[in-house]
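Below is one structure, written out as structure tokens; comments come after it.
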Amino acid sequence: MLTIEDLSVNYGMIQAVQNVSLQVNQGEIVSLIGANGAGKSTILRTISGLIHPKEGSIQFLNQDITKTNPQAIVKMGISHVPEGRHVFKDLTVKENLEMGAFLRKDKENFEADYQTIYQRFPILKDRLKQDASTLSGGEQQMLAMGRALMAKPKLLLLDEPSMGLAPIFIKEIFKIIEAIKEQGTTVLLIEQNAKMALQVADRGYVLESGKLFLSGSGQDLLASDQVQKAYLGG
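Residues in the sequence shown are numbered from 1 upward in steps of one, following the UniProt record's numbering.
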């Protein structure tokens, strides 16, 4: 579904990502783990078209999207939930969800999709008329994910969905991520909680200082001595 080859990304003179190649197959959860500053978020922002690479290519459904603009990438079926959630705080919960569907033309399907979101995130249905600014951090994360899902993505990019959340919300978010996969959406996940990220992952990649360090199945990486020492406290 998604193939990245020899991707390099610079911020000015700083090379944030160096010759990274990875693949995401349809129906998978793929986790990217690594320390802060390893280049994980940069990769997601490059996939989304928010920044363009210095070198390398990105293929999505056999189409080159390396220099495609973000709006076109959303239309093609990629939705991005950024680190920090970035909900529209002055809009209501319902208005935020409507923004997620902004580029869709099949308005006749919206109501059924809203109901799916409410089933997955019941708290949002109870908060529909509230401004997003009144929600807790966990509720805002659910809203950001619901907004992204309203675009009907084939591939969902999740950047640090558990950051700053209470443990009860973290468990719920990961259950939802698995449910999203089960219902047919492929997921590329960045997550500081490496253990939980690898537990739900079909496959994973480890980045260090912008370079690909290790790759393998989620279970193989969980069992790796290198991963345990660096990220799991082993």
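Built from N, CA and C at the ideal position, the CB exists for glycine as well.
Remember, predicted model here, so these are calculated numbers, not experimental data.
{"Asked": "Could you please give the first and the last residue of the uninterrupted alpha helix (DSSP H) stretch that includes residue 275?", "Found": "Absent from the model: residue 275. The displayed extent of the chain is 1 to 234, so no value can be given."}
{"Asked": "I'd like the span of the alpha helix (DSSP H) that includes F174, first residue to last.", "Found": "P167 to E182"}
{"Asked": "Kindly give me the distance between the Cβ atoms of V93 and L128, rounded to whole angstroms, as I take these residues to be in contact under 8 Å.", "Found": "5 Å"}
{"Asked": "Going by C-alpha distance, which of I33, G37, A38 and V20 is nearest I58?", "Found": "V20"}
{"Asked": "Just to check my reading of the structure: S48 and H80 have Cβ atoms closer than 8 Å, yes? What is that Cβ distance to the nearest angstrom?", "Found": "4 Å"}
{"Asked": "Pick out the complete beta strand (DSSP E) segments inside the region 45-112, 3 residues or longer, and give them in chain order.", "Found": "55-60 and 78-81"}
{"Asked": "Where E178 and A38 are concerned, what is the direct C-alpha to C-alpha distance, given to the nearest angstrom?", "Found": "25 Å"}
{"Asked": "Ordered along the chain, which non-local residues of its own chain (more than five positions away) have a Cβ less than 7 Å from that of E172?", "Found": "none"}
{"Asked": "Can you tell me whether I170 is buried or exposed? The criterion is at least 16 other CB atoms within 10 Å of its CB, across all chains shown.", "Found": "buried"}
{"Asked": "Once DSSP output is grouped into helix, strand and coil, what is the label at S133?", "Found": "helix"}
{"Asked": "When the Cα atoms are used, what is the spatial distance from E83 to E108?", "Found": "31 Å"}
{"Asked": "Inspect the CB distances between the region 202-218 and the region 9-27 and report whether three or more fall short of 8 Å.", "Found": "yes"}
{"Asked": "Just verifying my parser: in three-state terms, what is the DSSP assignment at S209?", "Found": "coil"}
{"Asked": "Once the 5 residues before and after Q192 are set aside, which same chain residues still bring their CB inside 7 Å of it?", "Found": "E160 and M163"}
{"Asked": "Taking just the CA atoms, how far does M76 sit from K145?", "Found": "Note that residue 145 corresponds to Met in the displayed sequence, not to Lys. Those two C-alpha atoms are separated by around 18 Å."}
{"Asked": "In terms of alpha-carbon separation, which member of R147, K154, Q115 and D106 lies closest to N25?", "Found": "K154"}
{"Asked": "Based on the DSSP output, what are the partners of G216 in its beta bridges?", "Found": "G204"}
{"Asked": "State yes or no: is the C-beta of L188 within less than 8 Å of the C-beta of L157?", "Found": "yes"}
{"Asked": "Between the region 67-76 and the region 113-123, do at least 3 Cβ pairs fall closer than 8 Å?", "Found": "no"}
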